[in-house]
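Encoded as structure tokens, the structure appears first; notes follow it.
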Amino acid sequence: MTPTSSVKQILVNIGWTYGAQLLTIIAQVLYAAVTTRLVSADEFGAYAVALAASGFVQLMAMGGLGQAVGRMERLHVSRLASLFSYSWILGVLGAVSIFFGAPAWAHLWSSPAAVDAIRLASISALVAPAFGLVSGLVRRLGKYRQFAATTVLSNLLGMLVGLLAVVLLNDSVGLMVSVILGQCLGLIFCLVLCERMIGKLGSLGGARTDITYSWNLTGTNLVSYFIANATKISVTRFAGAAVLGQWNRAEVLTTVPFQQIQNSIIQVLYPEFRHVKDSPSAARSVWTDLLVLCAFLVLPFASICSAVLPLVLPMLFGAGWTTASRLTMVLAYVGALQLLSSVLGGAIESLGRFKWMWSNGAVIAALQVVAVTVIALGGGLESAMVFLIITSILRHLIQVVQCVKGGYLAAIPIVFGYSTAIFAAAMVWVLFYVLLRPSLILSAPTWALVSAGLWFFGVALLTIYSWRSMPVAVILRRYRNRK
Numbered sequence: 001m002t003p004t005s006s007v008k009q010i011l012v013n014i015g016w017t018y019g020a021q022l023l024t025i026i027a028q029v030l031y032a033a034v035t036t037r038l039v040s041a042d043e044f045g046a047y048a049v050a051l052a053a054s055g056f057v058q059l060m061a062m063g064g065l066g067q068a069v070g071r072m073e074r075l076h077v078s079r080l081a082s083l084f085s086y087s088w089i090l091g092v093l094g095a096v097s098i099f100f101g102a103p104a105w106a107h108l109w110s111s112p113a114a115v116d117a118i119r120l121a122s123i124s125a126l127v128a129p130a131f132g133l134v135s136g137l138v139r140r141l142g143k144y145r146q147f148a149a150t151t152v153l154s155n156l157l158g159m160l161v162g163l164l165a166v167v168l169l170n171d172s173v174g175l176m177v178s179v180i181l182g183q184c185l186g187l188i189f190c191l192v193l194c195e196r197m198i199g200k201l202g203s204l205g206g207a208r209t210d211i212t213y214s215w216n217l218t219g220t221n222l223v224s225y226f227i228a229n230a231t232k233i234s235v236t237r238f239a240g241a242a243v244l245g246q247w248n249r250a251e252v253l254t255t256v257p258f259q260q261i262q263n264s265i266i267q268v269l270y271p272e273f274r275h276v277k278d279s280p281s282a283a284r285s286v287w288t289d290l291l292v293l294c295a296f297l298v299l300p301f302a303s304i305c306s307a308v309l310p311l312v313l314p315m316l317f318g319a320g321w322t323t324a325s326r327l328t329m330v331l332a333y334v335g336a337l338q339l340l341s342s343v344l345g346g347a348i349e350s351l352g353r354f355k356w357m358w359s360n361g362a363v364i365a366a367l368q369v370v371a372v373t374v375i376a377l378g379g380g381l382e383s384a385m386v387f388l389i390i391t392s393i394l395r396h397l398i399q400v401v402q403c404v405k406g407g408y409l410a411a412i413p414i415v416f417g418y419s420t421a422i423f424a425a426a427m428v429w430v431l432f433y434v435l436l437r438p439s440l441i442l443s444a445p446t447w448a449l450v451s452a453g454l455w456f457f458g459v460a461l462l463t464i465y466s467w468r469s470m471p472v473a474v475i476l477r478r479y480r481n482r483k
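Using our numbering, read the sequence shown as starting at 1 and increasing by one per residue.
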């Protein structure tokens, strides 16, 4: 796939990273199933506000440090020392701003109860830049197996202590403990894995180029933050924190797992993207194949989640989460689309194509202004979901067009591959939705059942007959024996 890494090794690294993410997802679902029964929707709303507030500060503070390390051709101890110093400067500034700005954040989100949780999140803002830098270095060194093990360990320990805090406090402050402790432990473990390549402080002048890159990345990340949270802020202000709490619980089973998958892919591939900075032809086939494979992975899976989760969520979280159950049908697809956007966005980002990123962000930000206006005029949560889907589709569509024009994607294969994946996802959704709801089958007229049966039988035969010529099969054959 690249001059330095074999396809097999890249897949192994993704496997280790995703394995860690998968174990974390399972633990998070169990953790959520317990804490949802202990904490009210209002407190989960305050918790979601604290996460959003700290997320903004961390975007400012992280400064793309992990990405800056990931795209380095060579690693120099003095250069890393400069970035390590810079990370702690950003961390201190972020922690101070979020601690003293907590009342303002709570007012913005119309959630006064979130003040204490936001202030506690200042600890996370303090260590986040250093953790981002050091974890990026661990991945750049290729220590994916060790990083996966320490990630699982730090997250599990954080959840265990966090669960105890929730039992004792029953509020949003207790919910923040798991996040903060997991991050702090992750930083410590990653410093050990770096084997003294980093840990000392140095002059900022030694990393001037990397700092410039990180600030460009920070600017585009801020636009992404606005895009991701504008509708949430408006929903909270006009519908209340409890609605945001429902949204947060729905995300635990939808967008969060997809984010874990995208992280496992991007963390491994980001260092590889640096090899095609000046060669679109080297990226065209590989990037196209990568996106088509991702589409075949996540879109049908999103269909399964959309059909199954509305039935499963009440069993996991108990009564009182009806709104969250309905939201999972939409958020599953949002998570899948965001994964595709993030993978391609990571590639664009590694190229330093910030003009592409800014133009994309400007269009989507303008759409968010329209969304907020509609919600403020009484559109409610339903309008927010509609705009969320539109935003996710449009953002990725713009990325694809930019890369096709730039020569980094092949137009016909990407269109054909995506179309096939979308068709497969639609078939999967109908199949799972109907089979899991027997009342629909029992109440349907005979002609409808016969027609549906013949349709699916025909699709199955066509799939079997043409499997070898389908995009995913062609791609898998192409890379099966590639070193």
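Think of the CB as a built atom: it goes at the ideal place given N, C-alpha and C, for glycine as much as any other residue.
In this text the structure is predicted, and so the values were computed from the model without any measurement.
Open item on the list: Using the three-state DSSP reduction, which class does Pro445 fall into: helix, strand or coil?
Closed with: DSSP places Pro445 in coil when its eight states are reduced to three.
Open item on the list: Val308 and Ile414 - do their beta-carbons sit closer together than 8 Å?
Closed with: no
Open item on the list: Less than 8 Å between C-beta atoms, sequence neighbours within five positions excluded: which residues of the same chain meet that for Val96?
Closed with: Ser122
- [ ] Could you pull out every residue in the same chain whose Cβ sits closer than 6 Å to the Cβ of Thr323, ignoring the five residues on either side in sequence?
- [x] Gln246
Open item on the list: If you measure between the beta carbons of Ile180 and Ser124, is that distance less than 8 Å?
Closed with: yes
TODO: Find out if the Cβ-Cβ distance for the pair Ile25, Pro257 is shorter than 8 Å.
DONE: Against a cut-off of 8 Å, the Cβ pair of Pro257 and Ile25 comes out as a contact.
TODO: Express the C-alpha separation of Thr236 and Ala114 in angstroms, rounding to a whole number.
DONE: Computed Cα separation, rounded: 12 Å.
TODO: Just the C-alpha distance for Leu299 and Ser419, rounded to the nearest angstrom, thanks.
DONE: Each residue's alpha carbon lies about 11 Å from the other.
Task: Gln399 versus Asn360 - alpha carbon distance - done: 7 Å
- [ ] Have a look at Gly202 and Arg196 and give me their C-alpha separation to the nearest angstrom.
- [x] 14 Å
Open item on the list: Let's see if you can read the secondary structure: which residues bound the alpha helix (DSSP H) around Asp210?
Closed with: Its alpha helix (DSSP H) spans residues 208-239.
Task: alpha helix (DSSP H) segment containing Asn360, residue limits - done: First-last of the alpha helix (DSSP H) with Asn360: 354-374.
Task: Exposure label - Trp429; buried when at least 16 CB within 10 Å - done: buried
Open item on the list: Need the endpoints of the alpha helix (DSSP H) that Trp429 sits in, please.
Closed with: 411-435
Open item on the list: For Leu440, count the other beta carbons within 10 Å of its own beta carbon; 16 or more makes it buried, fewer makes it exposed. Which is it?
Closed with: exposed
Task: Where Glu43 sits in the DSSP three-state scheme - done: helix
Open item on the list: Nearer than 7 Å: is that true of the beta carbon of Cys190 relative to any heavy atom of the ligand GTP?
Closed with: Ligands in the displayed structure: none, and consequently the ligand GTP is not present.
Task: Per-residue burial, Gly378 [other beta carbons within 10 Å of its own, 16 or more giving buried] - done: That one is exposed.
- [ ] Kindly indicate which three-state DSSP category Asp171 falls into: helix, strand or coil?
- [x] coil
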